[in-house]
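Chemist:
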Amino acid sequence: MNSDCGLSLEEREGGWALAGQMAPQFKLVDEYLAYLTDRNYSPKTVRAYGYDLLAFCRWLLIAGHPLADVSTEVLLRFLRACREAQVPGRAAPNVIRLSGRRLDQYAATTINRRLAAISGLFAFAAMRDPGMKNPVPKGREARWAASGERSGMLVHTARRPKNRSSLRLREPRRLPKALSQPDAAELLASFHTWRDRAIAGLMLYCGLRSAEVLALDVADVDVGGRWLQVLGKGQRERRVPLDADVASVIQVYLLAERPESVSARLFLVAKGRTGDSR
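Sequential numbering from 3 applies to the sequence shown in the numbering used here.
1. Along the chain, where does the alpha helix (DSSP H) that runs through Ala246 open and close?
2. Can you give me the C-alpha to C-alpha distance between Val271 and Tyr255, rounded to a whole angstrom?
3. What do you get for Val31, buried or exposed, if any count of 16 or more other CB atoms within 10 angstroms of its CB means buried?
4. Contact defined as beta carbons within less than 8 Å: I believe Val242 pairs with Val251. What is the distance between those atoms, to the nearest angstrom?
5. Any Cβ of chain C within less than 7 Å of the Cβ of Val138?
6. Is Val48 helix, strand or coil when you go by DSSP?
7. I need the straight-line Cα distance from Lys46 to Gly234, nearest angstrom please.
8. Report all residues from its chain with a CB closer than 7 Å to the CB of Val72; omit the five preceding and five following residues, and keep chain order.
9. Kindly indicate the opening and closing residues of the beta strand (DSSP E) around Val242.
10. Between Val248 and Ala180, which are expected to be in contact by the criterion C-beta below 8 Å, what is the C-beta distance as a whole number of angstroms?
11. CB Gly8 to CB Thr39, shorter than 7 Å?
12. Within the same chain, show all residues whose beta-carbon is closer than 8 Å to that of Ala202, passing over the 5 residues directly before and after it, in chain order.
13. Based on Cα-Cα distance, which residue from Ala110, Ala36, Val264 and Phe28 lies nearest to Glu15?
14. Would you tell me roughly how many angstroms separate the C-alpha atoms of Ala21 and Leu123, rounded to the nearest one?
15. Could you give the DSSP three-state label for Ala187: helix, strand or coil?
16. Apart from the five residues just before and just after Leu62, which ones in its own chain have a Cβ nearer than 7 Å to its Cβ?
17. Pull up the distance between the alpha-carbon of Arg175 and that of Leu257, whole angstroms please.
18. Quick check: Leu268 and Leu204, are their CB atoms within less than 7 Å of each other?
19. What separation, rounded to the nearest whole angstrom, lies between the Cα atoms of Ala19 and Glu86?
20. In the DSSP assignment, what are the bridge partners of Leu11?
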């Protein structure tokens, strides 16, 4: 399943497309990725869907199934292959997770994301050709979280849960383990620069994602008022309270450590360049 089969993914003119000797067989994938780009999906989301569909197309080539003939039965075989595949570069099969699964296996979240990409691909094809059937079966109708969401003055603001395919793998739901206050303080103290302490503090105390931290501009941080203006996933803005200790760390970083630069970004690397989200 890890063979490239003459097929790869490459970036083209601000979007993503399949490349290689076998790419002409999967023009639908290129059109779907271009459609996601046109709908202003995040470049990282389009890239992730591209690699998920790349894995599916490579498997189709190995199994000898044309894209136009994909059925629910073919999808079941693909999901089985994903569950049994060995992730390249991972530890040996004798290393076991706490959940009981081998460490060299794909996680359920990865397989479900691939299924979502495939479902979106065929939904796009069905949108253009109403006579085409989506081989990804729908699950039962999703329930609202609470009965009160179906009535009241703000009912129009509630988002109806999406139906999920019955092919999805069950994902374990575990509560996160919180650090104690002394452990959190010890963690921050272990970083050697004010920049690293500020980044870790924003993630730990303010709940920001790594990409959100690195996307912050200096103007987004109100140290005195203790507020952050955060641009999150889907280009959605939100205001986040800024922890007092983290605000102090950011202030020291700005005054004593941040390199001089014309960049508006809050966090810079050694030569004044912006950081990378990875």
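Glycine included, C-beta positions come from ideal geometry on N, C-alpha and C.
Modeler: Result, derived from the coordinates:
1. Against the sequence shown, residue 246 aligns to sequence position 244. Taken as a continuous stretch (DSSP letters only), the alpha helix (DSSP H) holding Ala246 covers Ala246 to Ala258.
2. As a position in the sequence shown, residue 271 is number 269, starting the count at 1. As a position in the sequence shown, residue 255 is number 253, starting the count at 1. Roughly 12 Å separates the two Cα atoms.
3. On the sequence shown, residue 31 is found 29 positions in, with the first residue counted as 1. Classification for Val31: buried.
4. Position 240 of the sequence shown, counting from 1, holds the residue named residue 242. Position 249 of the sequence shown, counting from 1, holds the residue named residue 251. Contact doesn't hold; Cβ gap of about 16 Å is too wide.
5. The question asks about chain C, but that chain is absent: this structure has only one protein chain.
6. Sequence index remark: in the sequence shown, residue 48 carries index 46 (1-based). Val48 falls in the helix class under three-state DSSP.
7. Walking along the sequence shown from the start, residue 46 turns up at place 44. Walking along the sequence shown from the start, residue 234 turns up at place 232. Using only the alpha carbons, I get a separation of about 13 Å.
8. What you label residue 72 is simply residue 70 of the sequence shown in a count that begins at 1. Closer than 7 Å at Cβ, skipping near neighbours: Pro137.
9. Numbered from its first residue, the sequence shown carries residue 242 at position 240. Taken as a continuous stretch (DSSP letters only), the beta strand (DSSP E) holding Val242 covers Glu239 to Pro243.
10. Start at 1 with the first residue of the sequence shown, and residue 248 comes out as number 246. Start at 1 with the first residue of the sequence shown, and residue 180 comes out as number 178. Contact flag wrong, Cβ pair sits at about 17 Å.
11. Along the sequence shown, read from residue 1 onward, the residue named residue 8 stands at position 6. Along the sequence shown, read from residue 1 onward, the residue named residue 39 stands at position 37. No, the pair does not count as a contact, with Cβ atoms beyond the cut-off.
12. Along the sequence shown, one-based indexing puts residue 202 at 200. Excluding residues within five positions, the ones whose Cβ falls inside 8 Å are Leu189, Leu190 and Phe193.
13. As a first step, residue 15 must be located in the sequence shown, where it is residue number 13. When each option's Cα is compared against that of Glu15, the closest is Ala36.
14. Against the sequence shown, residue 21 aligns to sequence position 19. Against the sequence shown, residue 123 aligns to sequence position 121. In this structure, the CA atom of Ala21 is about 18 Å from the CA atom of Leu123.
15. Within the sequence shown, numbered from 1, the residue matching residue 187 stands at position 185. Ala187: helix per DSSP, three-state reduction.
16. The count along the sequence shown starts at 1 and reaches residue 62 at position 60. For Leu62, where only same-chain residues beyond five positions count, the Cβ hits under 7 Å are Leu69.
17. Taking the sequence shown and counting its residues from 1, one reaches residue 175 at position 173. Taking the sequence shown and counting its residues from 1, one reaches residue 257 at position 255. Each residue's alpha carbon lies about 43 Å from the other.
18. On the sequence shown, residue 268 is found 266 positions in, with the first residue counted as 1. On the sequence shown, residue 204 is found 202 positions in, with the first residue counted as 1. Contact: no.
19. In the sequence shown, counting from the first residue as 1, residue 19 sits at position 17. In the sequence shown, counting from the first residue as 1, residue 86 sits at position 84. Computed Cα separation, rounded: 27 Å.
20. What you label residue 11 is simply residue 9 of the sequence shown in a count that begins at 1. Leu11 pairs with Leu20.
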